[in-house]
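Straight run, no breaks: the sequence shown in our numbering ends on number 1948. A short worksheet on the structure shown next.
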Amino acid sequence: MATWCLLGGLLKRIKYGKISNDVFSAINRLQTSEHKLFLRKLNISSFYINSARTLYTSNAYLGHKSPKGKISKKDPLKTNKSIKLGKAYIHEQMTIAEVSRALNKPIDHVYEVLMLIPDTESYDHDNSVLPRDILVSVVKKSGMIPEFISNKVEKEEESGDFVKQAPPDPSVLVKRPPVVTIMGHVDHGKTTLLDKLRNSNIVDQEFGGITQHIGAFKVIMPSGESICFLDTPGHAAFSAMRERGAHLTDIVVLVVAADDGVMQQTLESIHYAQDAGVPIIVAINKIDKNNADVARTKQMLLEHEIQLEEFGGDVQVVPISALKGTNLMELQEAILTQAELMNLKGDPVGLVEGRVVEARIDEKRGRLVTAVIQRGTLKRGDYLIAGTAWGKVRAMFDEFGDPVQAAPPSTPVEILGFREIPSAGDELLQVKTESELKSVIAWRQEQEKKRKQIEDYTVIAEKREEHLKDYRTALQARREKGIHKERRKGPRPKEIVTDIDDVHYSMVLKGDVDGSVEAILDTLDTYHSKKCHLDIIHYGVGAVTESDVEMAAIFNGDLFAFNVMVPVKVAELAKSKKVVIKKHNIIYRLFDDLISSINKKLPKIEEQVVTGEAKVLQVFQVTLPNKTKANIAGCRCTNGVISKKLGIKVLRNDEIVYIGKMVSLKHFKEEVDSIKKEQECGIGIDDPKFAFEPQDVITTYEIKLVDQEVDWQPGF
């Protein structure tokens, strides 16, 4: 403000001819310069203070005071050496966040500058990359000089991750068993097929006969050869698991029921296999059923571009009955034939590479990671990395829980020793030393942190854009009304006020394995109802703990335990905290329970229930005691009971033309409280001016409180 007073004083002196015109020109240039306009917007006043100080100490200002009145013609802007523009070191492809750091200014500063530059509306989040010309303009308008440097930071960051080993020497490669994934639609017999192949009883172990997560195990054939099998769920909620299974495998056995044919998850499995470039063997199951139609099933497969061998293609097809064991030997031979054609080999001597199939927490052993080894031979003591999780192998087990000393390529194995639970699908890599391991983990964690920051920036940018959109809409509405500044209505709020009537349902989710939790969360992501907010306050893998109960209690939520146990102490704590633990073993029952629980949270709503209906036959007028005339409808009750004490509606051509109350209900000349079906009556209403017409329909209704239902279905 002081600066503007000084400049204002100079302008007044110029107006009255007390300072020469060259000084006026200098001040005018100062007032309209590009730097000044922007610096004023950012409230950086030091530029003007220095300029004004220069003017007041210059010969131009002092000259009019001197006896001789000598005035220097030097331009104070050119002689002011106290104004020095700093350099901003920038590089190509910088984001808004990076520009903010380079300028050493808040990120809002960059957005304010962009508002002054045309055609920059699309750069609306912190991770937006600015072109060179806009980048230069931002720096210049910030009062700095742009200086380009090479982008060395990214090159340094690229070297932080683990460098995978080179391809193996062909001389060390040995034949390895094929990794086969059984895929297909839910309840088409995949698990029954695996049950027969390994002569176990998986179906009894899977609740409801539905596979809940990927099972990985090895089957020894009568010939002595082995096959590694992966069993992926066919349920709709487990699509991510099926996709992961397709990328882990060498061969996909597509199970299609002969009675159902090609279904939704069948098509999905076909697409996953084709996208992964994995050959398919079709097993047409349930041929023992009376309504089985193998020919129709083959035709459906052809319609979806599965070229079967008997029609000139390269896809083997084997009709089977998994339940009765029919043609299972032919299926095994088809798998081994396909593996022979693929000439599958592996490197047993290099560093271990593999893929995480599943991860869980065992209450006795701790964190267990199921993986399929793809290269090298895993042994005790090896250091492993999977995503940002790491560990040292303490023990290994096969699918039966028996200890394993070494795991060569194509071996499914359960690993004990991870410090954290990795995500299913993560790449498993062996690191030589613990120091190298910690370095890689630190780098990956930093990258993960940056990724989350970018996600947060995106969310913030979307919220900012939404806010700006609402603001612009409101601003435009005010301008259309001719309002330049809208007066605040009521006192200024001191805090953000939320709608206390909003309904929230909070839940904690615990599951047996990472894949099951992932599938449930993927389905919960589709929740869209506005009737009730769904808050997932915590989720994890493993048994229910006391901290889970405490968290649910804080948020007044329920705790869902999927296929995990609840210790006695935890159950007692939940009872004392009034936390409901909902235990489930089948996914669709979990969601049925969830929807039921949400519905109970919803408040009852008022609903009009029609109790009676009458048709207007004729209309006549009567004179009331106050000498006014009123219209009376002569009616016949056609449905239900017409009650005098209830509200009424009059419908004409299916449109409501009147809503109100009944003041008179007569049966012949007697005033009554109600009229039954097929009885005639006269009806008078509280609006004497309303004119009934013949064929009008009069309905009586009462208001009842009814339960609401959430408008969301998980698709099961």
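Ideal Cβ placement from N, Cα and C applies to all residues, glycine included. This one's a predicted model, so the numbers in the text were calculated from it and none came from an experiment.
- For residue 1871, the pairing in a beta bridge is given by DSSP as 1845.
- For residue 1343, there is no enclosing beta strand (DSSP E); the residue is part of the alpha helix (DSSP H) that begins and ends at 1339-1347.
- Burial state of residue 1927 is exposed, judged by a 10 Å Cβ sphere holding fewer than 16 other Cβ atoms.
- The beta carbons of residue 1846 and residue 1864 sit no closer together than 9 Å.
- Counting of Cβ neighbours within 10 angstroms places residue 1529 among the buried residues, the total reaching 16 or more.
- Taking 9 Å as the cut-off, the Cβ atoms of residue 1859 and residue 1853 do not count as close.
- The closest CA to that of residue 1896, considering only 1823, 1705, 1914, is found on 1914.
- For residue 1516, same chain residues with a beta-carbon under 6 Å away, outside a window of 5 residues either side, are 1488, 1490, 1526, 1529, 1551 in chain order.
- Residue 1410 is classed as buried because its beta carbon has at least 16 other beta carbons within 10 Å across all chains shown.
- Around the Cβ of residue 1382, a 10 Å sphere holds fewer than 16 other Cβ atoms; the residue is exposed.
- Residue 1414 and residue 1484 have their C-alpha atoms some 6 Å from each other.
- Runs of the beta strand (DSSP E) lying entirely within the region 1548-1636, each at least 3 residues long, are 1548-1551, 1585-1594, 1598-1607, 1615-1618, 1621-1629 in chain order.
- Within a 10 Å sphere around the beta-carbon of residue 1795 sit 16 or more other beta-carbons, which makes this residue buried.
- Looking only at 1885, 1933, 1893, 1827, the smallest Cα-Cα distance to residue 1940 is reached by 1827.
- Note on geometry: alpha-carbon atoms of residue 1492 and residue 1932 lie some 51 Å from one another.
- As the crow flies, the alpha-carbon of residue 1537 is around 12 Å from that of residue 1512.
- In the three-state DSSP reduction, residue 1656 falls in the coil class, being neither helix nor strand.
- For residue 1795, the three-state secondary structure derived from DSSP is coil.
- When the beta-carbon positions are compared, residue 1619 and residue 1655 come within less than 9 Å of each other.
- Counted as a single uninterrupted DSSP element, the beta strand (DSSP E) harbouring residue 1914 occupies residues 1912-1917.
- For residue 1498, there is no enclosing beta strand (DSSP E); the residue is part of the alpha helix (DSSP H) that begins and ends at 1496-1508.
- Sixteen is the threshold: when 16 or more other Cβ atoms of the shown chains lie within 10 Å of the Cβ of residue 1615, as they do, the residue is buried.
- Taking C-beta atoms as the reference points, residue 1630 and residue 1449 count as a pair closer than 9 Å.
- Taking a contact to require three or more Cβ pairs closer than 8 Å, the region 1797-1804 and the region 1765-1784 qualify as touching.
- Judged by beta-carbon spacing, residue 1341 lies within the 9 Å limit of residue 1374, meaning their Cβ atoms are closer than that value.
- Secondary structure within the region 1735-1789: the beta strand (DSSP E) runs of 3 or more consecutive residues, fully enclosed, are 1736-1743, 1765-1773 (chain order).
- Residue 1760 sits exposed, since fewer than 16 C-beta atoms from the chains shown fall within 10 Å of its C-beta.
- Residue 1319 sits in a strand when the DSSP states are folded into three classes.
- With respect to residue 1746, residue 1590 sits close: the two C-beta atoms are nearer than 9 Å.
- Remark: C-beta atoms of residue 1898 and residue 1870 do not approach each other more closely than 9 Å.
- Distances from the CA of residue 1380 to each of 1327, 1579, 1323 were compared; the closest alpha carbon is that of 1323.
- The DSSP-derived three-state label of residue 1424 is helix.
- The shortest C-alpha to C-alpha distance from residue 1606 to any of 1945, 1661, 1787, 1510 is the one to 1661.
- Residue 1579 holds the alpha-carbon nearest to the alpha-carbon of residue 1400 among 1792, 1816, 1595, 1579.
- Per DSSP, residue 1884 is one residue of the beta strand (DSSP E) stretching across 1879-1884.
- Under the 10 Å beta carbon count, residue 1543 is surrounded by fewer than 16 other beta carbons and is classified as exposed.
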